[in-house]
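Engineer:
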Amino acid sequence: MKKFTAVFLAALMALGCASSSNINFNPGTYQGVAPGFNGDITMEVTVDAGRILNVRVVSQNDTPEISGLAYERIPAAIVAGQTLAVDVVSGATYSSQGIINAVSAALEKSGVDIAALKTRRPVAAAAARSSKKESYDIVVIGAGGAGMAAAIAAQQAGSRVVVLEKMPRAGGNTIISGAAYNAADPGRQASIPMNAANRAAIQEMISKTPHDAFEAELQQTIRRQFAEFTSSGKTGLFDSPEWHMIQTYNGGDYVADPEMVRTFGANALSALEWEISMGMQFTPDIFTVLGALWPRSHRPVMPLGTGYITTDLNYIEQHKDMITLLVDTKATELITSGGRVTGVKAEGPGVNYEFTARKAVVIATGGFAANKELRQKYNTQWPNLDSAGTTNHPGATGDGLVLAEKVGANFVGMDYVQLLPMGDPATGSLSGNIEQGVEDRFFVNKSGNRFVDEGARRDVMTLALFEQQDAYMWVICDKHSYPTPQTKNNFNETIEELIQQGRAFGADTIEELAAKINVPAANLRAAVAEFNAGVDAGRDKWGRTLWRIKIDTPPYYAGARIPTVHHTMGGIQINTRAQVLNTRGQVIPGLYACGETTGGIHGSNRLGGNALADIHVFGRIAGTNAAAERP
Ligand code: ADP
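Structure below.
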């Protein structure tokens with residue numbers, strides 16, 4: 004009897020406390036609707052009297068590369084666990100929650116006790132963990148853009164590679180980024196006219212007193228290049244790797260490592276062409292992404308950063324004999340032997356791994372903008388980041404720093420945390436941003452007044468935003484940015500759906516727009532007039548230099564934005580070969596790092612569009628050099 008009671012109780016516990024409550028359905032098939040990341044999700048459930056038999060997606064509009072896994076895993080988990088208390092898929096939280104909500108709405112129609120289903124614990128199979136040892140030439144930690152570039156470059160240099168990714172899918176921040184890629188690319192920039200403001204910006208930079216020898220050297224080169232350009236009579240935009248370097252170095256307050264900036268600028272275009280050679284596609288128009296300071300941003304054809312990751316995953320699939328990608332596998336420790344890094348310990352699904360790296364380990368774990376504790380620990384620049392949102396995916400927790408610190412790595416620039424003035428007021432994410440390019444929009448505060456050069460550095464714009472009422476602003480643009488209601492922003496959202504969701508406003512007159520966003524009409528009218536006068540003059544009282552077309556064609560649009568934590572410029576110190584340095588400036592044998600986990604490339608402020616170039620340039624360098632190590 005005692006034994007029976009114990010078995011009965013165990014079974015009851017396995018089913019969860021709610022199993023004794025009313026889990027009865029009116030048999031049938033029901034549909035429910037709830038908002039997802041990108042509009043409504045419709046789900047369909049089929050139930051008999053006591054069980055959920057099937058859960059099916061009827062329609063949804065989320066980005067497959069980002070949310071696809073949620074649509075695979077969550078319906079299956081609901082059926083397997085007979086519960087609505089299922090885990091969201093990391094990195095696809097909104098879609099996950101939307102799916103659960105839509106299924107709940109459907110199940111509600113079956114008369115079931117929804118509250119009981121939401122608390123019912125799934126039957127968990129307690130599986131024992133096994134141990135596994137595997138050996139590769141190179142172990143790459145992190146499957147964002149940097150890690151993928153490193154893995155591919157290493158394979159192209161003849162190495163066998165494993166890439167470890169702790170999240171359920173590859174992509175990291177790269178896949179959800181704005182995805183603009185900066186490179187001086189005069190061929191593709193030729194159709195952009197060189198205007199007076201562009202000339203003045205170059206003149207100013209090459210005539211100023213240099214900060215140091217590196218800047219003096221760059222100025223000298225640019226003077227020669229610009230003289231040649233001027234005498235050639237070319238009308239297209241001037242650009243060069245050195246002009247990109249000096250803007251990067253100056254825009255980061257000269258605290259970057261000059262040799263890292265040089266390597267970055269010199270290789271940005273070749274790394275772009277390398278990615279294109281694997282199938283990556285960019286639109287023909289070069290633009291200026293927020294805080295890029297110059298029109299050298301390349302815009303992917305696919306939304307967000309999905310193009311890069313799709314390209315990399317396709318390549319890896321075609322070379323799967325040489326590159327293994329393991330998702331849901333978190334690196335927990337570096338293995339060392341005689342001062343050399345020789346492998347990685349990791350936790351996979353049910354498996355404790357020990358990976359031997361015959362040649363080298365590459366850390367490519369991204370930044371720490373999603374780690375509030377680390378953010379607070381290092382931030383000295385911003386008022387308080389405790390409650391600030393982030394544009395980052397939840398895996399951006401700085402794991403690489405912890406791994407590297409234990410083997411003596413040095414960190415640089417840790418207090419340089421980048422915020423953007425472009426966060427969604429509800430989530431902090433970049434989605435819902437209505438700007439299409441710096442030249443074609445301006446900002447106003449809650450009083451309808453402009454308050455900053457909207458083509459300035461990101462830190463300058465964000466600090467100015469913090470000084471406005473509620474640190475809240477509106478991005479203003481017009482039909483030039485959205486020729487039709489179906490025109491999409493860079494996040495795969497049409498202006499029409501943003502308006503429907505209440506995340507943007509559209510109007511046929513400035514007065515009407517002012518009323519919709521609750522700012523004084525006279526001020527908004529004056530702000531538009533001031534902007535349009537700036538387009539004619541090429542300058543304004545805020546010092547803005549990036550102009551293109553007047554905002555004069557209805558519909559006019561407005562979208563709200565707040566400051567949000569975006570990028571961590573500091574991190575592991577590497578040299579130009581992407582080797583990790585210790586606190587005495589010496590190379591740690593067998594250890595490379597690349598991407599946002601590293602520091603020293605961007606200085607105190609990263610130019611918009613420079614991250615995608617950075618991760619590809621140094622990812623490629625890390626992979627190539629790691630592959631050249633002798634086992
Ligand atoms: P980057 O732009 O530098 O490539 P991303 O954020 O795009 O940075 O990619 C970093 C990737 O590293 C993310 O996919 C993240 O989930 C992954 N990652 C972070 N920490 C670990 C870890 N401990 N083990 C495995 N993968 C990790």
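Take the sequence shown: its letter number 186 is residue 189 in my numbering, and every next letter is one higher. For every residue, glycine included, the Cβ atom is placed at its ideal position computed from N, Cα and C. Bear in mind the structure is a predicted one, so any value in this text is a computation, not a measurement.
1) Please confirm if the region 447-455 is in contact with the region 486-497, defined as three or more CB-CB distances below 8 Å between the two stretches.
2) Output the distance between the C-alpha atoms of ALA13 and PRO125, rounded to the nearest integer angstrom.
3) Looking at the structure shown, is ASN628 part of a helix, part of a strand, or coil, going by DSSP?
4) Please check the pair THR430 and GLY458, which I expect to be a contact at CB under 8 Å, by giving their CB distance rounded to whole angstroms.
5) When DSSP labels each residue in this structure, what does ALA17 get in the three-state scheme?
6) Per DSSP, which residues does ILE55 bridge with? Please list them.
7) Ignoring anything shorter than 3 residues, give me the beta strand (DSSP E) runs that lie fully in the region 279-313, in order along the chain.
8) Between which two residues does the alpha helix (DSSP H) holding HIS247 run?
9) Three or more C-beta pairs under 8 Å: does that hold for the region 210-225 against the region 463-473?
10) Using C-beta distances below 7 Å, list every residue in its chain close to GLN159, excluding the 5 sequence neighbours before and after it, in chain order.
11) Quick one: residues in its chain with C-beta nearer than 6 Å to the C-beta of ARG460, no 5 flanking neighbours on either side, listed in chain order?
12) If you drop the 5 nearest sequence neighbours on each side, which residues of the same chain put their C-beta closer than 7 Å to that of ILE1?
13) Using a 10 Å radius around the Cβ and a threshold of 16 neighbouring Cβ atoms, would you call ILE618 buried or exposed?
14) Under the three-state reduction of DSSP, which class applies to SER194: helix, strand or coil?
15) Is LYS348 near the ligand ADP, with its Cβ less than 6 Å from a heavy atom?
16) Can you give me the start and stop residues for the beta strand (DSSP E) that VAL420 sits inside?
17) Assuming contact is defined by CB atoms lying nearer than 7 Å, are MET248 and TYR419 in contact in what I supplied?
18) Under 6 Å from any heavy atom of the ligand ADP, does the C-beta of THR368 make it?
19) Apply the 10 Å Cβ neighbour rule to ASN521 and answer buried if 16 or more other Cβ atoms are within range, or exposed otherwise.
20) Considering LYS136, what are the terminal residues of the alpha helix (DSSP H) in which it resides?
21) In chain order, what residues of the same chain lie with their CB nearer than 6 Å to the CB of MET281, ignoring the 5 residues before and after it?
22) Please report the distance separating the alpha-carbon of THR394 from that of ASP427.
23) Shorter than 6 Å, the distance from the beta carbon of MET417 to the closest heavy atom of the ligand ADP, or not?
24) Measuring only from the beta carbon, is LEU167 closer than 6 Å to any heavy atom that is part of the ligand ADP?
25) Take THR332 and list the residues in its own chain whose beta-carbon comes closer than 6 Å to its own, dropping the five residues that flank it on each side.
26) Since ILE412 and GLN576 are thought to touch, with beta carbons under 8 Å apart, how far apart are those beta carbons, to the nearest angstrom?
27) Indicate whether the contact test is met: 3 or more Cβ pairs, each with one atom in the region 540-552 and one in the region 196-204, closer than 8 Å.
28) From ALA631 to ALA363, what does the alpha carbon distance come to, in whole angstroms?
29) From the DSSP secondary-structure annotation, give me the bridge partner or partners of THR339.
30) Around the Cβ of LEU240, are there at least 16 other Cβ atoms within 10 angstroms (buried) or fewer (exposed)?
31) Suppose you measure from the CA of ALA644 to the CA of LEU615; what does that come to, to the nearest Å?
32) From SER138, THR122 and PRO287, pick the residue whose C-alpha is nearest to that of MET325; which is it?
33) Within its chain, find whatever has a CB closer than 8 Å to the CB of ILE205; leave out the 5 residues flanking it on each side and keep chain order.
34) Does the separation of the CB atoms of GLY574 and THR556 fall below 7 Å?
35) Could you tell me if THR251 is buried or exposed, where buried requires 16 or more neighbouring beta carbons within 10 angstroms of its beta carbon?
36) Can you find at least 3 beta carbon pairs, one from the region 465-483 and one from the region 556-571, that sit closer than 8 Å?
Structural biologist: Inspection of the coordinates gives the following:
1) When C-beta atoms of the region 447-455 are compared with those of the region 486-497, fewer than three pairs fall below 8 Å, so the two segments do not count as touching.
2) Summary for ALA13: the model assigns pLDDT 40, below 50, so the residue's position carries little reliability; its value from the coordinates is reported in the next sentence. Those two C-alpha atoms are separated by around 13 Å.
3) Residue state, collapsed to three classes: helix.
4) Rounded, the Cβ-Cβ distance is 26 Å, inconsistent with contact.
5) Because ALA17 sits at a pLDDT of 40, beneath the cut-off of 50, its placement in the model cannot be relied upon, and the following sentence gives the value as read from the coordinates. In the structure shown, ALA17 sits in a helix (DSSP, three-state: H, G or I).
6) BP columns for ILE55 point to VAL50.
7) Counting whole runs of 3 or more residues, the region 279-313 contains the beta strand (DSSP E) stretches 285-290 and 300-303.
8) For HIS247, the enclosing alpha helix (DSSP H) begins and ends at 244-254.
9) Result no; under three Cβ-Cβ pairs closer than 8 Å.
10) Same-chain partners within the cutoff: there are none.
11) Excluding positions up to five away in sequence, the list reads GLY254, GLY294 and ASN608.
12) Lying outside 4 to 634, the shown extent of the chain, residue 1 is not represented and no answer is given.
13) Under a 10 Å Cβ-count criterion, ILE618 is classified as buried, with 16 or more other Cβ atoms of the shown protein chains found around its own Cβ.
14) Reduced to three states, the DSSP call for SER194 is coil.
15) It does not: the Cβ of LYS348 is nowhere closer than 6 Å to a heavy atom of the ligand ADP.
16) Counting along the chain, VAL420 sits inside the beta strand (DSSP E) bounded by residues 420-426.
17) Going by C-beta atoms, MET248 is not nearer than 7 Å to TYR419.
18) THR368 Cβ: within cutoff of the ligand ADP.
19) It counts as exposed.
20) Unbroken run through LYS136 is the beta strand (DSSP E), 133-144; no alpha helix (DSSP H).
21) Only THR314 and TYR318 meet the Cβ criterion.
22) When rounded, the distance between both Cα atoms is 9 Å.
23) Set against 6 Å, the gap from the CB of MET417 to the closest heavy atom of the ligand ADP is not smaller.
24) Yes, the beta carbon of LEU167 sits closer than 6 Å to at least one heavy atom of the ligand ADP.
25) Annotation for THR332: LEU167, ALA349 and GLY351 place their beta carbon closer than 6 Å to its own, counting only its chain and skipping 5 residues before and after.
26) It should be pointed out that residue 412 corresponds to Ala in this sequence rather than to Ile. Correct: roughly 7 Å between the Cβ atoms.
27) Touching, yes.
28) Roughly 9 Å separates the two Cα atoms.
29) THR339 is bridged by DSSP to VAL344.
30) Counting Cβ neighbours within 10 Å, LEU240 comes out buried, since at least 16 surround it.
31) Missing from the structure shown is residue 644; the chain here goes from 4 to 634 and no further.
32) For MET325, the closest C-alpha among the options SER138, THR122 and PRO287 is that of SER138.
33) Around ILE205: ILE225, PHE229, PHE241 and TRP246.
34) No.
35) Residue burial annotation: THR251 is buried, with at least 16 other C-beta atoms found within 10 angstroms of its C-beta.
36) The region 465-483 is in contact with the region 556-571.
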